[in-house]
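Enquirer: Attaching a single structure in structure tokens format; questions to follow.
Protein chains: 2
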Amino acid sequence: MTRASVVGADMTTFGVHESTLSELFAEAALGAYDDAGVEPDEIDALYFGNAMGGQTENDTHLAPGVASQVGLAGVPCQRYEDACATSANAFKNAVEAVEAGIHDTVLVGGVERCTPETGLGTGEMTRIFASASDRHYEQPTGLTFPGVFALLTKRHMYEHGTTEEQLAHVAVKNHANGTRNPNAHFGKETTVEEVLDSPIVADPFHLMDCCPFSDGASAVIVTNDDRADSFDDPVDVSGVGHATDVVPLSAKPVPHATQAARDAAAQAYEQARTSADEMAFAEVHDCFTGAEVMASEAIGFFEDGEGGPAAAEGRSSMDGDRPINPSGGLKAKGHPIGATGTAQIVELTEQLRGDTGERQIDGAEKAVAHNLGGDAATTVVSVMEVRG
Amino acid sequence: MTRASVVGADMTTFGVHESTLSELFAEAALGAYDDAGVEPDEIDALYFGNAMGGQTENDTHLAPGVASQVGLAGVPCQRYEDACATSANAFKNAVEAVEAGIHDTVLVGGVERCTPETGLGTGEMTRIFASASDRHYEQPTGLTFPGVFALLTKRHMYEHGTTEEQLAHVAVKNHANGTRNPNAHFGKETTVEEVLDSPIVADPFHLMDCCPFSDGASAVIVTNDDRADSFDDPVDVSGVGHATDVVPLSAKPVPHATQAARDAAAQAYEQARTSADEMAFAEVHDCFTGAEVMASEAIGFFEDGEGGPAAAEGRSSMDGDRPINPSGGLKAKGHPIGATGTAQIVELTEQLRGDTGERQIDGAEKAVAHNLGGDAATTVVSVMEVRG
Numbered sequence: 000m001t002r003a004s005v006v007g008a009d010m011t012t013f014g015v016h017e018s019t020l021s022e023l024f025a026e027a028a029l030g031a032y033d034d035a036g037v038e039p040d041e042i043d044a045l046y047f048g049n050a051m052g053g054q055t056e057n058d059t060h061l062a063p064g065v066a067s068q069v070g071l072a073g074v075p076c077q078r079y080e081d082a083c084a085t086s087a088n089a090f091k092n093a094v095e096a097v098e099a100g101i102h103d104t105v106l107v108g109g110v111e112r113c114t115p116e117t118g119l120g121t122g123e124m125t126r127i128f129a130s131a132s133d134r135h136y137e138q139p140t141g142l143t144f145p146g147v148f149a150l151l152t153k154r155h156m157y158e159h160g161t162t163e164e165q166l167a168h169v170a171v172k173n174h175a176n177g178t179r180n181p182n183a184h185f186g187k188e189t190t191v192e193e194v195l196d197s198p199i200v201a202d203p204f205h206l207m208d209c210c211p212f213s214d215g216a217s218a219v220i221v222t223n224d225d226r227a228d229s230f231d232d233p234v235d236v237s238g239v240g241h242a243t244d245v246v247p248l249s250a251k252p253v254p255h256a257t258q259a260a261r262d263a264a265a266q267a268y269e270q271a272r273t274s275a276d277e278m279a280f281a282e283v284h285d286c287f288t289g290a291e292v293m294a295s296e297a298i299g300f301f302e303d304g305e306g307g308p309a310a311a312e313g314r315s316s317m318d319g320d321r322p323i324n325p326s327g328g329l330k331a332k333g334h335p336i337g338a339t340g341t342a343q344i345v346e347l348t349e350q351l352r353g354d355t356g357e358r359q360i361d362g363a364e365k366a367v368a369h370n371l372g373g374d375a376a377t378t379v380v381s382v383m384e385v386r387g
Numbered sequence: 000m001t002r003a004s005v006v007g008a009d010m011t012t013f014g015v016h017e018s019t020l021s022e023l024f025a026e027a028a029l030g031a032y033d034d035a036g037v038e039p040d041e042i043d044a045l046y047f048g049n050a051m052g053g054q055t056e057n058d059t060h061l062a063p064g065v066a067s068q069v070g071l072a073g074v075p076c077q078r079y080e081d082a083c084a085t086s087a088n089a090f091k092n093a094v095e096a097v098e099a100g101i102h103d104t105v106l107v108g109g110v111e112r113c114t115p116e117t118g119l120g121t122g123e124m125t126r127i128f129a130s131a132s133d134r135h136y137e138q139p140t141g142l143t144f145p146g147v148f149a150l151l152t153k154r155h156m157y158e159h160g161t162t163e164e165q166l167a168h169v170a171v172k173n174h175a176n177g178t179r180n181p182n183a184h185f186g187k188e189t190t191v192e193e194v195l196d197s198p199i200v201a202d203p204f205h206l207m208d209c210c211p212f213s214d215g216a217s218a219v220i221v222t223n224d225d226r227a228d229s230f231d232d233p234v235d236v237s238g239v240g241h242a243t244d245v246v247p248l249s250a251k252p253v254p255h256a257t258q259a260a261r262d263a264a265a266q267a268y269e270q271a272r273t274s275a276d277e278m279a280f281a282e283v284h285d286c287f288t289g290a291e292v293m294a295s296e297a298i299g300f301f302e303d304g305e306g307g308p309a310a311a312e313g314r315s316s317m318d319g320d321r322p323i324n325p326s327g328g329l330k331a332k333g334h335p336i337g338a339t340g341t342a343q344i345v346e347l348t349e350q351l352r353g354d355t356g357e358r359q360i361d362g363a364e365k366a367v368a369h370n371l372g373g374d375a376a377t378t379v380v381s382v383m384e385v386r387g
């Protein structure tokens, strides 16, 4: 069942950029216009994601600013901030608005700058990132995001016997995939030994288990089912689930279950009248290797406890039976917070069109994206498919 | 025509609070539950507004956090940030979602802490506020928000002959109204002389032309038309318009027209099949006295150029023919950024129920709220009416 369609998609390279946030977003947005073959006057609204512009560059109320840069002054604009799930949340609300007939065709996307080119070093950026954890029960303990996901992953290891070697295989796979993505932050391969020999950041995570701070932007054009056929290469959005887990971490009954992901995936598959088994691949939120293992189980790609062994056995590799993160994922493609959610939608769109070259999942008909925000607080899961 | 209904409404006092952002929002949200007579398990989603928590308290991704505080862990949550129009934008999206059948009943609201109790002084808070102006063309000039609205107001004075005395009458009126609002930040009257004798902040604005920095929260429960009758005292939302003007200020063809307000008001009146003439009163975004004069014209209460004289003649006073800001407005009620939009909806709800005591607009059947964000960038205009 089609809820809406993506008819244009583009992203900047993820990595280091010196452009302003508005310029960076405009690069992705104008690329999406070109890809769709639309002019700005055909766009009815902007659903925009940015997580940290206020903290990093004293730049808020960005939605009208970027709208003015891309020919959309006048249309209703809204900015979403939902930590790392920021632009997936914008996408969800855009799909709902288009499906409901509130708008016909909208621009959705996000942007972030997180690298030292903002003038902020790793320490200060880590503090800013930590603003998405619980202000009163987590931040005062010194917990930052490597620690958040280390705690969840340690529990997964305790319950299921997941090992550091299995986690390292996730990094190796995603770096290998990233070498085939010209937009990826990292274009080099790594090895299990290199991951395990890299410095410990937060046990069990070594440096090479962690995604980088990146700059980048992504954008898609979403239109309604009736209009989709007037565009070249529409790709259908058949389900978008969204759930929020209880916070802080200490309140979660089964922390490593990442319950919001399970709830959001169930919603998305039900809306799309499909199941995990029919997905040709997934893009998941691998901010840390352990996060990919937990996500791969939460979205139903593997049974609980099988995510680690599956990664080690190559089942989630490009030539495995359940490919995950062909783009390279956050680990290798990079993670400009507010841009990550719609960048996953860009990857699904291009894969389902058959346009991703040497990282193409052959014959992909349906795929799923999983975008997580905060201390496993927010998850948006989207199912897309080749237009029937 | 009913798009959705407000069936519960509450706000904290606006002023100085030492509670955390989550605690402060919970006070308003639990009050709204009580007012509606709902339990948390009857709420399907949270549409939440906060503008500056990341900058003021390193507290972002607040929506899941506040949801967990008010019994809503699990439901889809989204945070909006659209400068001073933050929670009106959340309200717009909530009304659209309820009208479209995506959710039946939702919680909408916002919170902010801006007073020195956050640990930030006036200078630093002014810098943070300025993040909502244009980062590249306005901030580097030293422009802050008193200057933004001073520029617009100066142009209005040049075009229409509006005077500082007329502006002062807006402050006098709103302070008088605020003395009848137990939730208002300021509970004292002022005089034209006192306003004109107060220090210049940004010509033509004296200190007493400017709204304060406030702490506070507001929340409403929105449900669909079918369910509204099962609640006591529903108030209908018949129109919500939303538009975005070009930025920066220098790009606006007629700066003092506040074009987004005109566009948003036209949309709202059209949706509601009504006009300004039928509005019993308005709540408008009087961050500065000049902003109220411009808003009063943009929403059609007065002809262009008549806003200043009308204020001086008492036409917008409680006993005038076009009352504006019976709550005291931002000027006297206070302005906790992310809470202001839904606080206007709280005032409309309580007025249209006839529940506002000595500041009641007798026999009010329809009313309009105008919430503006940034450098006259975003405006949301909402029309509400007694349920037919």
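Chain order of the listed sequences is A and B.
Heads up: the first sequence begins at 0 in numbering that gives the first Met the number 0, then just goes up one per residue.
Heads up: the second sequence begins at 0 in numbering that gives the first Met the number 0, then just goes up one per residue.
Cβ atoms here follow ideal geometry from the backbone N, Cα and C, with glycine treated the same way.
Remember, it's a predicted structure, so these values are computed and weren't measured experimentally.
#1: Taking only three categories from DSSP, how would you classify B:F90?
#2: For B:E38, which three-state DSSP category applies?
#3: Leaving out the 5 sequence neighbours to the left and right, which residues in its chain are closer than 7 Å to A:S315 when beta-carbon positions are compared?
#4: Quick one: which chain B residues come within Cβ less than 8 Å of A:R112?
#5: Where do the N-terminal and C-terminal ends of the alpha helix (DSSP H) with A:E291 fall, by residue?
#6: Between the stretch 66-86 of chain B and chain A, which residues of the former have CB atoms less than 7 Å from a CB of the latter, in chain order?
#7: Within the same chain, show all residues whose beta-carbon is closer than 7 Å to that of A:D232, passing over the 5 residues directly before and after it, in chain order.
#8: Between A:G337 and A:S18, what straight-line distance do the alpha-carbon atoms span, to the nearest angstrom?
#9: Pick out whichever of B:A290, B:A167, B:H284, B:A297 has its Cα sitting closest to the Cα of B:A275.
#10: Strictly below 9 Å CB to CB, what residues from chain E border A:A99?
#11: If you run the structure through DSSP and keep just helix, strand and coil, what is B:M156?
#12: Can you name the residues of chain A whose CB is closer than 7 Å to the CB of B:G372?
#13: So A:P139 contacts chain B; which residues on that side make the cut at Cβ distance below 8 Å?
#14: Give a yes or no on whether 8 Å exceeds the smallest Cβ distance from B:D34 to chain A.
#15: Please list, in chain order, the chain B residues whose beta carbon lies closer than 7 Å to that of A:V107.
#16: Roughly how many angstroms separate the alpha carbons of A:A129 and A:T143, rounded to a whole number?
#17: Whole angstroms is fine: what's the gap from B:F148's alpha carbon to B:R78's?
#18: Could you check whether the Cβ of B:M383 sits closer than 8 Å to any Cβ belonging to chain A?
#19: Kindly indicate which residue of B:D214, B:F300, B:F280, B:C209 has the alpha-carbon position closest to the one of B:D361.
#20: In chain order, which beta strand (DSSP E) runs of at least 3 residues are fully inside the stretch 195-245 of chain A?
#21: Please name the residues in the stretch 119-140 of chain A whose beta-carbon is closer than 9 Å to at least one beta-carbon of chain B, in chain order.
#22: Can you find a C-beta in chain B that's less than 8 Å from the C-beta of A:G353?
#23: With a 10 Å radius around its C-beta and 16 neighbouring C-beta atoms as the bar for buried, classify B:M293 as buried or exposed.
#24: So what does DSSP say about A:A170, is it helix, strand or coil?
#25: Report, in whole angstroms, the separation of the C-beta atoms of A:A131 and A:A82, which I expect to be a contact under 8 Å.
#26: Write down every uninterrupted run of the alpha helix (DSSP H) in the stretch 301-337 of chain A whose length is 4 residues or greater and which is fully enclosed by it, in chain order.
#27: If you measure from the beta carbon of A:Q54 to each beta carbon in chain B, is any gap under 8 Å?
#28: Does any C-beta atom of chain B lie closer than 8 Å to the C-beta of A:A250?
#29: Check the Cβ of A:T243 against every Cβ in chain B and list those closer than 7 Å, keeping chain order.
#30: Among A:S67, A:A25, A:S4, A:M278, which residue has its Cα nearest to the Cα of B:A250?
#31: Express the C-alpha separation of A:A62 and A:T85 in angstroms, rounding to a whole number.
#32: Would you identify the three-state DSSP class for A:E111, choosing helix, strand or coil?
#33: Using a Cβ-Cβ cut-off of 7 Å (strictly less than) and excluding sequence neighbours within five positions of B:I199, which residues of its own chain qualify?
#34: From this set, A:L347, A:V367, A:A216, A:A201, which residue's C-alpha is nearest A:G289's C-alpha?
#35: Less than 8 Å between the beta carbons of A:A215 and A:G52, yes or no?
Expert: Taking the geometry as given:
#1: The residue you call residue 90 of chain B lines up with position 91 of the second sequence. DSSP places B:F90 in helix when its eight states are reduced to three.
#2: Within the second sequence, numbered from 1, the residue matching residue 38 of chain B stands at position 39. Coil at B:E38, not helix or strand.
#3: Against the first sequence, residue 315 of chain A aligns to sequence position 316. Only K172, S295, A309, R321, P322, I323 meet the Cβ criterion.
#4: Position 113 of the first sequence holds residue 112 of chain A. Under a criterion of Cβ atoms nearer than 8 Å, no residue of chain B is adjacent to A:R112; the nearest Cβ is some 12 Å distant.
#5: Translated into the one-based positions of the first sequence, residue 291 of chain A becomes position 292. Counting along the chain, A:E291 sits inside the alpha helix (DSSP H) bounded by residues 288-297.
#6: Using a CB distance below 7 Å, the part of the stretch 66-86 of chain B facing chain A consists of A66, S67, A72, G73, V74, P75, C76, Q77, R78, Y79, E80, D81, A82, ordered along the chain.
#7: Taking the first residue of the first sequence as position 1, residue 232 of chain A is located at position 233. Same-chain partners within the cutoff: R352.
#8: Position 338 of the first sequence, counted from the start, is the residue given in the question as residue 337 of chain A. Position 19 of the first sequence, counted from the start, is the residue given in the question as residue 18 of chain A. Approximately 16 Å between the Cα atoms of the pair.
#9: Counting from 1 along the second sequence, the entry for residue 275 of chain B is found at position 276. The option with the nearest alpha carbon to B:A275 is B:A297.
#10: Considering every chain present, this structure includes no chain E. Its protein chains are A and B.
#11: If you number the second sequence from 1, residue 156 of chain B lands on position 157. B:M156 falls in the helix class under three-state DSSP.
#12: Here the question's residue 372 of chain B lines up with position 373 in the second sequence. Contacts between B:G372 and chain A, judged by CB atoms closer than 7 Å, involve H60 in chain order.
#13: Taking the first residue of the first sequence as position 1, residue 139 of chain A is located at position 140. Under the 8 Å cutoff, chain B gives no residues; its nearest Cβ is about 11 Å from A:P139.
#14: By 1-based counting over the second sequence, the position of residue 34 of chain B is 35. Chain A, which has no Cβ nearer than 8 Å to the Cβ of B:D34, makes this no.
#15: As a working mapping, residue 107 of chain A is identified with position 108 in the first sequence. Within chain B, no residue comes near A:V107; the closest Cβ sits about 14 Å away, beyond 7 Å.
#16: Working through the first sequence from its first residue, we reach residue 129 of chain A at position 130. Working through the first sequence from its first residue, we reach residue 143 of chain A at position 144. Distance between the alpha carbons of A:A129 and A:T143: 5 Å.
#17: Translated into the one-based positions of the second sequence, residue 148 of chain B becomes position 149. Translated into the one-based positions of the second sequence, residue 78 of chain B becomes position 79. Between B:F148 and B:R78, the C-alpha separation is close to 27 Å.
#18: As a first step, residue 383 of chain B is located in the second sequence; it is residue number 384 there, counting from the start. Look at B:M383: its C-beta is not under 8 Å from any C-beta on chain A.
#19: As a working mapping, residue 361 of chain B is identified with position 362 in the second sequence. Restricting attention to B:D214, B:F300, B:F280, B:C209, the CA atom closest to the CA of B:D361 is found in B:F280.
#20: Correct list: 199-201, 215-222, 234-243.
#21: Listed by position along the chain: R126, I127, A129, S130, A131, S132, D133, R134, H135, Q138.
#22: Within the first sequence, residue 353 of chain A is the residue found at index 354, counting from 1. By this cut-off, A:G353 is not an interface position.
#23: Stepping through the second sequence from its first residue, residue 293 of chain B is reached at position 294. The residue is buried, with at least 16 neighbouring Cβ atoms inside 10 Å.
#24: The residue given as residue 170 of chain A occupies position 171 in the first sequence. Note: A:A170 maps to helix in three-state DSSP.
#25: As a first step, residue 131 of chain A is located in the first sequence; it is residue number 132 there, counting from the start. As a first step, residue 82 of chain A is located in the first sequence; it is residue number 83 there, counting from the start. Rounded, the Cβ-Cβ distance is 4 Å, consistent with contact.
#26: If we require 4 residues or more, the alpha helix (DSSP H) runs fully inside the stretch 301-337 of chain A come out as 306-311, 328-332.
#27: Here residue 54 of chain A is taken as the residue at index 55 of the first sequence, counted from 1. Chain B contact via Cβ: present.
#28: Position 251 of the first sequence holds residue 250 of chain A. Closer than 8 Å to some Cβ of chain B, the Cβ of A:A250 qualifies, so yes.
#29: Residue numbering aside, residue 243 of chain A sits at position 244 when the first sequence is read from its first letter. Within chain B, the residues near A:T243 are P63, A66, A72, G73, V74, P75, C76.
#30: Here residue 250 of chain B is taken as the residue at index 251 of the second sequence, counted from 1. Minimum Cα-Cα distance from B:A250 among the listed residues A:S67, A:A25, A:S4, A:M278 corresponds to A:S67.
#31: Within the first sequence, numbered from 1, the residue matching residue 85 of chain A stands at position 86. Within the first sequence, numbered from 1, the residue matching residue 62 of chain A stands at position 63. Rounded to whole angstroms, the gap between the alpha carbons of A:T85 and A:A62 is 13 Å.
#32: Taking the first residue of the first sequence as position 1, residue 111 of chain A is located at position 112. DSSP places A:E111 in strand when its eight states are reduced to three.
#33: What you label residue 199 of chain B is simply residue 200 of the second sequence in a count that begins at 1. Hits under 7 Å: H205.
#34: Against the first sequence, residue 289 of chain A aligns to sequence position 290. Taking each of A:L347, A:V367, A:A216, A:A201 in turn and checking the Cα distance to A:G289, the smallest one comes out for A:A201.
#35: If you number the first sequence from 1, residue 215 of chain A lands on position 216. If you number the first sequence from 1, residue 52 of chain A lands on position 53. Residue identity differs from the one stated: residue 215 of chain A is Gly in this sequence, not Ala. Contact flag unset, no.
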